[in-house]
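Chains as they are written, first to last, in numbering that gives the first Met the number 0: chain A, 0 to 290; chain B, 0 to 290.
Heads up, the beta-carbon is just placed ideally off N, CA and C, and yes, glycines get one too.
Keep in mind that this is a model prediction, so the values were computed, not measured.
Encoded as structure tokens, the structure appears first; notes follow it.
There are 2 protein chains.
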Amino acid sequence: MQTVKAYQEMVESALKDCLRTQPAAAASLVEAMEYSLLSGGKRIRPILLLASCEMGGGTCAEAMPYALALEMIHTYSCIHDDLPAMDDDALRRNRPTNHVVYGEAMAILAGDGLLTEAGAMMLRDAMHRSDLRGTRAAEAILRRAGIAGMVSGQVMDMQMEGKPIDRDAVTYIHTHKTADLLTAPLEAGLILAGCGDEAVAAGICYGQHLGLAFQQMDDLLDVIGDTESLGKQVGMDALEGKQTWVALRGVEGTREDIREETRKAVDALACFGERAAFLQELAMDLTHRVR
Amino acid sequence: MQTVKAYQEMVESALKDCLRTQPAAAASLVEAMEYSLLSGGKRIRPILLLASCEMGGGTCAEAMPYALALEMIHTYSCIHDDLPAMDDDALRRNRPTNHVVYGEAMAILAGDGLLTEAGAMMLRDAMHRSDLRGTRAAEAILRRAGIAGMVSGQVMDMQMEGKPIDRDAVTYIHTHKTADLLTAPLEAGLILAGCGDEAVAAGICYGQHLGLAFQQMDDLLDVIGDTESLGKQVGMDALEGKQTWVALRGVEGTREDIREETRKAVDALACFGERAAFLQELAMDLTHRVR
Numbered sequence: 000m001q002t003v004k005a006y007q008e009m010v011e012s013a014l015k016d017c018l019r020t021q022p023a024a025a026a027s028l029v030e031a032m033e034y035s036l037l038s039g040g041k042r043i044r045p046i047l048l049l050a051s052c053e054m055g056g057g058t059c060a061e062a063m064p065y066a067l068a069l070e071m072i073h074t075y076s077c078i079h080d081d082l083p084a085m086d087d088d089a090l091r092r093n094r095p096t097n098h099v100v101y102g103e104a105m106a107i108l109a110g111d112g113l114l115t116e117a118g119a120m121m122l123r124d125a126m127h128r129s130d131l132r133g134t135r136a137a138e139a140i141l142r143r144a145g146i147a148g149m150v151s152g153q154v155m156d157m158q159m160e161g162k163p164i165d166r167d168a169v170t171y172i173h174t175h176k177t178a179d180l181l182t183a184p185l186e187a188g189l190i191l192a193g194c195g196d197e198a199v200a201a202g203i204c205y206g207q208h209l210g211l212a213f214q215q216m217d218d219l220l221d222v223i224g225d226t227e228s229l230g231k232q233v234g235m236d237a238l239e240g241k242q243t244w245v246a247l248r249g250v251e252g253t254r255e256d257i258r259e260e261t262r263k264a265v266d267a268l269a270c271f272g273e274r275a276a277f278l279q280e281l282a283m284d285l286t287h288r289v290r
Numbered sequence: 000m001q002t003v004k005a006y007q008e009m010v011e012s013a014l015k016d017c018l019r020t021q022p023a024a025a026a027s028l029v030e031a032m033e034y035s036l037l038s039g040g041k042r043i044r045p046i047l048l049l050a051s052c053e054m055g056g057g058t059c060a061e062a063m064p065y066a067l068a069l070e071m072i073h074t075y076s077c078i079h080d081d082l083p084a085m086d087d088d089a090l091r092r093n094r095p096t097n098h099v100v101y102g103e104a105m106a107i108l109a110g111d112g113l114l115t116e117a118g119a120m121m122l123r124d125a126m127h128r129s130d131l132r133g134t135r136a137a138e139a140i141l142r143r144a145g146i147a148g149m150v151s152g153q154v155m156d157m158q159m160e161g162k163p164i165d166r167d168a169v170t171y172i173h174t175h176k177t178a179d180l181l182t183a184p185l186e187a188g189l190i191l192a193g194c195g196d197e198a199v200a201a202g203i204c205y206g207q208h209l210g211l212a213f214q215q216m217d218d219l220l221d222v223i224g225d226t227e228s229l230g231k232q233v234g235m236d237a238l239e240g241k242q243t244w245v246a247l248r249g250v251e252g253t254r255e256d257i258r259e260e261t262r263k264a265v266d267a268l269a270c271f272g273e274r275a276a277f278l279q280e281l282a283m284d285l286t287h288r289v290r
């Protein structure tokens, strides 16, 4: 079984090279994209994709373009989300945000570039396959990143700011803003491995529960965490009147729910037997700090 | 042979429905996306794609998802380009720009949504085909819209503002900012039709020359056109110190070059014989005002 660290190293090494394959790209654009893409981070989404593909009987090598694309999509969404017109954040992972370093115009274009290149990178791989698995995996990722997924989650997050806390709204926002992009790697990874509908559905179930636990944890850390260890300003959610799980359920209620969602995520993979061990442990490790 | 109007009506009708297939999407997001997507326009890019596919022996029906996706990509690039941090335009096609109506945050997300949905829409079609033509067509479109194409063109356009006019810079900007997105429909349309490399290369050649003529015309109209009939403020390029063809070659030199690029575009399609008539006439019609 692989370790988190081994997966991380594989992803880091591949990320370093992946934008260098486009000689026609403007150097200043690539620099701004890489500033955010190579700024560390836990690489959870690509790890989930590689591990899912292996769990389903596939290899890391065949899943890598999709794993990198997913990290590019996550990075683009962070860059746009940090813009002055959006969350107006000056700090991410203890570094100045993209627009602080490169200006707003370049940050918008760096985000656009990462999103488009994510799609192009997946299709460069998919078009050379002998089947449609790559095409289907790319579809799953863009669907969950788009207007039926993450982008709508962002819109609702913004529009519900300052409104009374509403369980349906919090659930919609958490599902689409966060869980969809943690479900995409499971769906795509298992499709790439050639799994059938039932196995893919089990992976989706894991991703959704893990995604909810993940965002509930994020909400909780904004209340009980500290700025330095998180690398970003805490206490902002309440200040901005965000729809958070803590506002809905309180600190102890949120802890309970994180335990419950984590358990459901772990259980969802039972059908994979021992091959699920890595992803089951990962779910428990990710949330153990706050459970 | 189809007429421009017949193609336009087909595209308009399909555009009206295409975002309504996503029930999970936030209604306010879809409204902002449709405000720009359905604001008229000549629909040149989708028409080029449909006509190319027909020229290559394919049908409009099989090419439509890709044609709509291309218009979505064009629309997203206009929305982001108009933002205060970019060109800061308040008017497009005689209507207030997206951010003026919906605010900057929503305009950024509407653009992100259009770009992602463009990819997802192509892949929903491509994944149900029996071959990889759809995947290859989608790759061509995202490649030319991305960091080796349009996005890098935008970056250079911005970075070269106020610098001395430079032929290489103008050519790079025109090729990537404009011609790449007019070449993509030729490449994708002919791939969808099942054409071989040589025919696709001829289409690419047409697209590149037409694209250069198109941007040269845009530069010229900014000098000799009027605000009302163009639906946007004229005279801005010189004011902002943009790299334009008129600054490089003067009004008469630009007219000469437009004639030359149009002729090269028309000649490039000779290998298609009579099937090329529509696209050849289109190239001449598009530029006749200023030739």
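In whole angstroms, what is the alpha-carbon distance linking residue i and residue j?
i	j	result
Phe213 (chain B)	Val99 (chain B)	27 Å
Ala23 (chain A)	Ala201 (chain B)	21 Å
Gly240 (chain B)	Glu251 (chain B)	20 Å
Gly210 (chain A)	Thr182 (chain B)	40 Å
His79 (chain B)	Thr96 (chain B)	10 Å
Ala144 (chain A)	Arg258 (chain B)	44 Å
Met32 (chain A)	Gln1 (chain B)	43 Å
Asp87 (chain B)	Met105 (chain B)	15 Å
Cys77 (chain A)	Gly40 (chain A)	12 Å
Glu61 (chain B)	Leu122 (chain A)	19 Å
Asp217 (chain B)	Leu48 (chain B)	21 Å
Cys184 (chain B)	Met63 (chain B)	Before going further, note that residue 184 (chain B) is Pro rather than Cys in the sequence given. Using only the alpha carbons, I get a separation of about 11 Å.
Glu260 (chain A)	Met9 (chain A)	29 Å
Lys15 (chain A)	Ala66 (chain A)	13 Å
Cys204 (chain B)	Gln215 (chain B)	17 Å
Gln21 (chain B)	Gln7 (chain A)	35 Å
Arg42 (chain A)	Lys4 (chain A)	10 Å
Asn93 (chain A)	Asp225 (chain A)	12 Å
Ala267 (chain B)	Glu197 (chain B)	11 Å
Gly272 (chain B)	Leu238 (chain B)	45 Å
His208 (chain A)	Tyr34 (chain B)	35 Å
Tyr101 (chain A)	Arg166 (chain B)	26 Å
Ala139 (chain B)	Asp179 (chain B)	10 Å
Is it buried or exposed, residue i, if we count other Cβ atoms within 10 angstroms and call 16 or more buried?
i	result
Glu186 (chain A)	buried
Pro45 (chain B)	buried
Gly148 (chain A)	buried
Leu12 (chain A)	What sits at residue 12 (chain A) in the sequence shown is Ser, not Leu. Exposed, by the Cβ-count rule.
Thr58 (chain A)	exposed
Arg132 (chain B)	buried
Cys52 (chain B)	buried
His292 (chain B)	As shown, chain B starts at 0 and ends at 290. That puts residue 292 (chain B) outside it, with no answer to give.
Glu280 (chain B)	exposed
Cys194 (chain A)	buried
Glu288 (chain A)	Checking the displayed sequence, the identity of residue 288 (chain A) turns out to be Arg instead of Glu. So Arg288 (chain A) counts as exposed.
Ala282 (chain B)	buried
Ala269 (chain A)	exposed
Ala291 (chain A)	In the structure as shown, chain A begins at 0 and stops at 290. Residue 291 (chain A) is therefore absent and cannot be evaluated.
Quick one, are the C-beta atoms of residue i and residue j less than 9 Å apart?
i	j	result
Gly206 (chain A)	Ala264 (chain A)	yes
Leu247 (chain B)	Val169 (chain B)	yes
Met71 (chain B)	Leu28 (chain B)	no
Arg262 (chain A)	Met54 (chain A)	no
Ala125 (chain B)	Thr134 (chain B)	yes
Ala117 (chain A)	Ala68 (chain A)	yes
Gln242 (chain A)	Ala25 (chain B)	no
Leu278 (chain B)	Ala50 (chain B)	yes
His175 (chain B)	Gly161 (chain B)	no
Leu285 (chain B)	Trp244 (chain B)	no
Met235 (chain B)	Asp256 (chain B)	no
Tyr75 (chain B)	Asp111 (chain A)	yes
Out of the options, which has the shortest C-alpha to C-alpha gap to residue i?
i	options	result
Ile223 (chain A)	A:Arg290, A:Met54 and A:Leu113	A:Arg290
Leu141 (chain A)	A:Ala119, A:Gln158 and A:Val10	A:Ala119
Arg19 (chain B)	B:Leu180, B:Leu113 and B:Glu197	B:Leu113
Met155 (chain A)	A:Ala136, A:Thr177 and A:Glu260	A:Thr177
Pro83 (chain B)	A:Asp179, A:Ile107, A:Ala269 and A:Met235	A:Ile107
Val150 (chain B)	B:Ala137, B:His173, B:Ile164 and B:Asp167	B:His173
Cys17 (chain A)	B:Leu238, B:Ile146 and B:Gly234	B:Ile146
Arg91 (chain B)	B:Val233, B:Gly249, B:Ala269 and B:His208	B:Val233
Practice item. Taking only runs that begin and end inside the region 171–197 of chain A, name each unbroken alpha helix (DSSP H) of 4 or more residues, in chain order. Key: Runs of the alpha helix (DSSP H) lying entirely within the region 171–197 of chain A and spanning at least 4 residues, in chain order: 179–191.
Exercise for review: Enumerate, from N- to C-terminal direction, the unbroken alpha helix (DSSP H) stretches of 4 or more residues contained entirely within the region 261–289 of chain B.
Suggested key: Here the runs fully enclosed are 276–286.
Exercise for review: Would you mind listing the alpha helix (DSSP H) stretches within the region 117–160 of chain A that are 4+ residues and don't spill past its ends, in chain order?
Suggested key: Considered as a whole, the region 117–160 of chain A harbours 132–144 and 149–158 as its complete alpha helix (DSSP H) runs of no fewer than 4 residues, in chain order.
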